[in-house]
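Accompanying notes for the structure given below.
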Amino acid sequence: MFLVRLVYTSKLSDAFSSDDITDILASARKHNSRNHVTGLLCFSSNYFLQCIEGSRSAINRTYHRILNDPRHEDIVMLDYKEINRREFSHWHMGYVPYTALTRDVNMLFSGSPEFNPYEMSGESAHQLMLALKDTVDMV
């Protein structure tokens, strides 16, 4: 069994409430732990950007769960590829909230200081997440 990485973005739907991020993280961490999925979630007031890694079957199942979650809309897969090793192996779901620091890091990988993953390539989104992993304290 080989590893894959999937990076996607989505917009917050009208069904999303401010308490939902806590529920999403708790549910993701429980599900991901059982399924040997690791990853990182970046969240702003408008967008999700997430990278998940694990076996192809586990990642495909996880992505289908996300596609059916009413809190997400306009879901776009930015990148999907086979990988040799995990890059977020310490987190079943690391979390990076949007702050002034993430805004500065965002400028390295985007044409705008505003966090909008729809305007990023899959590689830029992935590199942004790697930079954030090494720069900010994870929740």
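Per the working numbering, the sequence shown starts with residue 28, numbered consecutively. Glycine is no exception: its CB is placed at the ideal position from the N, C-alpha and C atoms.
Proximity below 7 Å, CB of residue i to CB of residue j
i, j, result
"residue 43", "residue 98", "yes"
Host beta strand (DSSP E) of residue i (start-end)
i, result
"residue 32", "30-39"
"residue 65", "65-70"
"residue 109", "99-110"
Same chain only: Cβ atoms within 8 Å of residue i, ignoring 5 sequence neighbours per side
i, result
"residue 151", "136 and 137"
"residue 39", "72, 73, 74, 75, 98, 99 and 100"
Assigned exposure category for residue i - 16 Cβ within 10 Å defines buried
i, result
"residue 144", "buried"
"residue 110", "exposed"
"residue 95", "exposed"
"residue 70", "buried"
"residue 92", "exposed"
Own chain, CB closer than 7 Å to residue i, minus 5 neighbours either side, in chain order
i, result
"residue 149", "34, 105 and 106"
"residue 159", "69, 123, 129 and 132"
Residues of its chain near residue i, where Cβ-Cβ distance is below 6 Å and the 5 sequence neighbours each way are ignored
i, result
"residue 60", "119"
"residue 155", "136"
Opening and closing residue of the alpha helix (DSSP H) in which residue i lies
i, result
"residue 89", "83-94"
"residue 58", "47-62"
> Which ranges would you report for the alpha helix (DSSP H) in the segment 132-166 if only whole runs of at least 4 residues count?
Replying inline: 149-162
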